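Participant: If you're matching them up, the sequences are chains U and P in order.
My numbering numbers the first residue of the first sequence as 63 and each following residue consecutively.
My numbering numbers the first residue of the second sequence as 512 and each following residue consecutively.
By construction, the Cβ of each residue, glycine as well, lies at the ideal position given by its N, Cα and C atoms.
Since the model is a prediction, treat every value here as computed from it, not as a measurement.
Input: one structure, supplied below.
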Amino acid sequence: MSVKWETINLGDSIPELIKQPDLTQLVKFAAGNGDFNPLHHDYKYIACEYLGSVLVQGHYRYAVLGEMVMNWLGHQQVAKVKNISCQHRGMDFPGAEIICKGLVAKKYKDGDNKFVDLSIWTETSDGKQNSPGKATIQFA
Amino acid sequence: MADHFEITDEMKAKIGKESPPWFFEVTTTGVRAFARGAGITDRVYYDEEAAKQAGYRSLPAPLTYHGTPVFIPGESDETFSMPLNADVTVEHGLPNTIDGGKETEYFEQICAGDTLTCISQLKALDIKVTGSGNHMLVTTIQFAFTNQHGKVAVIERLKVINH
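Written out as structure tokens, the structure is:
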């Protein structure tokens with residue numbers, strides 16, 4: 063999908079992205095990310111024994127929010143992500159759904175430049191928002 | 512959880528402290544591994560021909576990926592893979608660590624073939640008090656990545672919460 067500035071409206075939702083990483087996926091992410099914190103793969107790690115599980119990496123959630131944004135934006139030379147951010151407010155566990163959502167929060171011009179701000183977040187299957195964030199896209 | 516935590520003058524004196532430069536390599540293998548790890552299926556991150564047809568020099572780095580830090584045994588952290596001397600955090604004695612989130616600002620496209628030089632910097636130390644009165648230390652670290660052409664490619668700010 064490659065969205066065009068002219069077709070974007072305030073309040074538009076962007077297509078959801080649903081992930082359901084298992085433990086093996088978290089191991090693949092650790093290998094790709096270089097973060098081998100046992101919190102994310104070792105059930106015997108003291109914090110995991112206390113929590114009853116390993117946790118999905120915060121960066122995994124960040125990365126899949128980025129994937130959702132790029133799936134909507136498409137690879138176009140006239141539109142670039144200038145800024146993306148998220149906070150982590152809750153825990154996700156392997157095997158559970160992570161639902162990435164977003165909507166157009168602002169559409170504006172600054173001089174000759176055109177921008178869209180997205181409100182983006184991850185949700186659990188029961189609606190808990192664990193990683194709220196935003197992204198700014200600049201259109202040429 | 513700590514019911515009281517104080518940021519000492521010694522800690523405050525380290526705000527602004529920068530690391531020596533450390534290096535990230537953006538390779539086709541690394542881009543594919545990160546994309547695979549996140550379960551990204553877009554072919555542009557795996558297939559160089561697809562990447563070029565999409566207008567990229569080579570495989571583009573997925574959002575939030577800025578290459579892989581150069582790892583050298585004995586000189587790099589075994590868990591987090593960064594050089595030991597790139598750590599700009601303060602000694603605080605709090606046992607637990609939470610990823611508080613990141614903000615990433617992009618200035619240049621990052622693709623396989625790029626080499627990024629990173630300077631990490633301690634930007635801020637703050638105390639956050641929870642509703643139940645527990646004190647948490649919030650450390651803000653900035654990572655500034657410059658590419659092989661001397662241009663700032665990415666600036667990222669990470670919040671680490673210790674309690």
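Determine whether the beta carbon atoms of P:Lys-525 and P:Val-581 lie at a separation below 9 Å.
Facilitator: One-based indexing of the second sequence puts residue 525 of chain P at position 14. One-based indexing of the second sequence puts residue 581 of chain P at position 70. Not in contact: P:Lys-525 and P:Val-581 (Cβ atoms no closer than 9 Å).
Participant: Quick one: any contact between the stretch 635-654 of chain P and the stretch 587-594 of chain P, if contact means 3 or more CB pairs under 8 Å?
Facilitator: no
Participant: Jot down the residue ranges of each uninterrupted beta strand (DSSP E) in the stretch 573-640 of chain P, minimum 3 residues, whole runs only, in chain order.
Facilitator: 608-617 and 626-640
Participant: Starting from U:Lys-176 and walking both ways along the beta strand (DSSP E), at which residues does that stretch end?
Facilitator: On the first sequence, residue 176 of chain U is found 114 positions in, with the first residue counted as 1. Its beta strand (DSSP E) spans residues 175-185.
Participant: Which runs of the beta strand (DSSP E), 3 residues or longer, sit entirely within the stretch 532-562 of chain P?
Facilitator: 533-536
Participant: Using a Cβ-Cβ distance cut-off of 9 Å, determine whether U:Tyr-122 contacts chain P.
Facilitator: Here the question's residue 122 of chain U lines up with position 60 in the first sequence. At least one chain P Cβ lies under 9 Å of U:Tyr-122.
Participant: Which first and last residues belong to the beta strand (DSSP E) in which P:Glu-517 is found?
Facilitator: Position 6 of the second sequence, counting from 1, holds the residue named residue 517 of chain P. From DSSP, P:Glu-517 is part of no beta strand (DSSP E); its letter is neither H nor E.
Participant: Can you give me the Cβ contacts of P:Val-640 inside the same chain, cut-off strictly under 7 Å, excluding the 5 residues immediately before and after it?
Facilitator: Your numbering for residue 640 of chain P matches position 129 in the second sequence. Result list for P:Val-640: His-646, in chain order.
Participant: Restricting to Cα atoms, I'd like to know which of U:Met-63, U:Lys-144, U:Ala-109 and U:Val-166 is closest to P:Phe-618.
Facilitator: Position 107 of the second sequence, counted from the first residue, corresponds to residue 618 of chain P. Closest option to P:Phe-618, Cα to Cα, is U:Lys-144.
Participant: So with CB distances below 7 Å, who are the chain P contacts of U:Val-143?
Facilitator: For the purposes of this step, residue 143 of chain U is identified with residue 81 of the first sequence, where counting begins at 1. Residues of chain P passing the Cβ test: Leu-574 and Tyr-617.
Participant: Determine whether the Cβ of P:Ala-597 lies closer than 9 Å to any Cβ atom of chain U.
Facilitator: Along the second sequence, read from residue 1 onward, the residue named residue 597 of chain P stands at position 86. False, the Cβ-Cβ gap to chain U never drops below 9 Å.
Participant: With DSSP collapsed to three states, give me the class of U:Tyr-122.
Facilitator: Sequence index remark: in the first sequence, residue 122 of chain U carries index 60 (1-based). It is helical.
Participant: Along the chain, where does the beta strand (DSSP E) that runs through U:Ile-160 open and close?
Facilitator: Taking the first residue of the first sequence as position 1, residue 160 of chain U is located at position 98. Its beta strand (DSSP E) spans residues 160-172.
Participant: Can you find a C-beta in chain U that's less than 9 Å from the C-beta of P:Thr-657?
Facilitator: Here the question's residue 657 of chain P lines up with position 146 in the second sequence. Taking Cβ atoms only, chain U never reaches closer than 9 Å to P:Thr-657, which makes this a no.
Participant: Could you tell me the distance, in whole angstroms, from the CA atom of U:His-137 to the CA atom of U:Gln-149?
Facilitator: Within the first sequence, residue 137 of chain U is the residue found at index 75, counting from 1. Within the first sequence, residue 149 of chain U is the residue found at index 87, counting from 1. Cα-Cα distance, rounded: 26 Å.
Participant: In the DSSP output, what is U:Ser-147 paired with across the bridge?
Facilitator: Start at 1 with the first residue of the first sequence, and residue 147 of chain U comes out as number 85. DSSP lists U:Lys-196 and P:Glu-614 as partners of U:Ser-147.
Participant: Would P:Leu-633 be called buried (16 or more neighbouring beta carbons within 10 Å of its own) or exposed?
Facilitator: Numbered from 1 along the second sequence, position 122 holds the residue referred to as residue 633 of chain P. That one is buried.
Participant: What whole-angstrom Cβ distance do U:Leu-113 and U:His-102 have, given they're in contact under 8 Å?
Facilitator: Position 51 of the first sequence, counting from 1, holds the residue named residue 113 of chain U. Position 40 of the first sequence, counting from 1, holds the residue named residue 102 of chain U. Not a contact, Cβ separation roughly 12 Å.
Participant: In this structure, does DSSP put P:Met-647 in helix, strand or coil?
Facilitator: For the purposes of this step, residue 647 of chain P is identified with residue 136 of the second sequence, where counting begins at 1. The answer is strand: DSSP assigns P:Met-647 an E or B state.
Participant: Using 8 Å as the threshold, is the stretch 104-124 of chain U in touch with the stretch 608-627 of chain P, meaning 3 or more CB pairs across them?
Facilitator: yes
Participant: Can you tell me whether P:Ala-546 is buried or exposed? The criterion is at least 16 other CB atoms within 10 Å of its CB, across all chains shown.
Facilitator: Here residue 546 of chain P refers to the residue found at position 35 when the second sequence is read from its first residue. Here P:Ala-546 is buried, its C-beta having at least 16 other C-beta atoms within 10 Å.
Participant: For the beta strand (DSSP E) that contains U:Leu-79, what are its first and last residues?
Facilitator: The residue you call residue 79 of chain U lines up with position 17 of the first sequence. Looking at the DSSP string, the run of the beta strand (DSSP E) that includes U:Leu-79 is 75-81.
Participant: Once the 5 residues before and after P:Ala-562 are set aside, which same chain residues still bring their CB inside 7 Å of it?
Facilitator: Here residue 562 of chain P corresponds to residue number 51 of the second sequence, with the count starting at 1. Contacts found: Val-555, Ser-569, Leu-570 and Pro-571.
Participant: Under 9 Å, Cβ to Cβ, is there at least one residue of chain U near P:Asp-558?
Facilitator: Residue numbering aside, residue 558 of chain P sits at position 47 when the second sequence is read from its first letter. No, its Cβ sits nowhere closer than 9 Å to a Cβ of chain U.
Participant: Say whether the stretch 512-521 of chain P touches the stretch 190-199 of chain U, bearing in mind that this needs 3 or more beta-carbon pairs closer than 8 Å, one atom from each stretch.
Facilitator: no
Participant: By the 9 Å beta-carbon criterion, what residues does the stretch 623-643 of chain P contribute toward chain U?
Facilitator: Taking 9 Å as the Cβ-Cβ cut-off, the stretch 623-643 of chain P has no residue approaching chain U.
Participant: Under a CB-based cut-off of 9 Å, is U:Cys-148 close to chain P?
Facilitator: For the purposes of this step, residue 148 of chain U is taken as the residue at position 86 of the first sequence. So yes, U:Cys-148 belongs to the interface.
Participant: Put U:Val-131 into one of helix, strand or coil per three-state DSSP.
Facilitator: Position 69 of the first sequence, counting from 1, holds the residue named residue 131 of chain U. Helix.
Participant: Measure how close the beta-carbons of P:Ala-664 and P:Ile-621 come, nearest whole angstrom, since I'm counting them as under 8 Å.
Facilitator: Against the second sequence, residue 664 of chain P aligns to sequence position 153. Against the second sequence, residue 621 of chain P aligns to sequence position 110. Right, the Cβ-Cβ distance comes to about 6 Å (below 8 Å), so this counts as a contact.
Participant: Which residues of chain U have a Cβ atom closer than 7 Å to the Cβ of P:Lys-662, listed in chain order?
Facilitator: Locating residue 662 of chain P in the second sequence gives position 151, counting from the first residue. In chain order: nothing, as chain U lies at least about 15 Å away.
Participant: For the stretch 112-141 of chain U, list every residue whose C-beta sits within 9 Å of some C-beta in chain P, in sequence order.
Facilitator: Cβ contacts with chain P come from Gln-119, Gly-120, His-121, Tyr-122, Tyr-124, Ala-125, Val-126, Leu-127, Gly-128, Glu-129, Val-131, Met-132, Asn-133, Gly-136, His-137, Gln-138 and Gln-139.
Participant: Measuring only the C-alpha atoms, how far is P:Glu-560 from P:Gly-624?
Facilitator: Here residue 560 of chain P refers to the residue found at position 49 when the second sequence is read from its first residue. Here residue 624 of chain P refers to the residue found at position 113 when the second sequence is read from its first residue. Between P:Glu-560 and P:Gly-624, the C-alpha separation is close to 15 Å.
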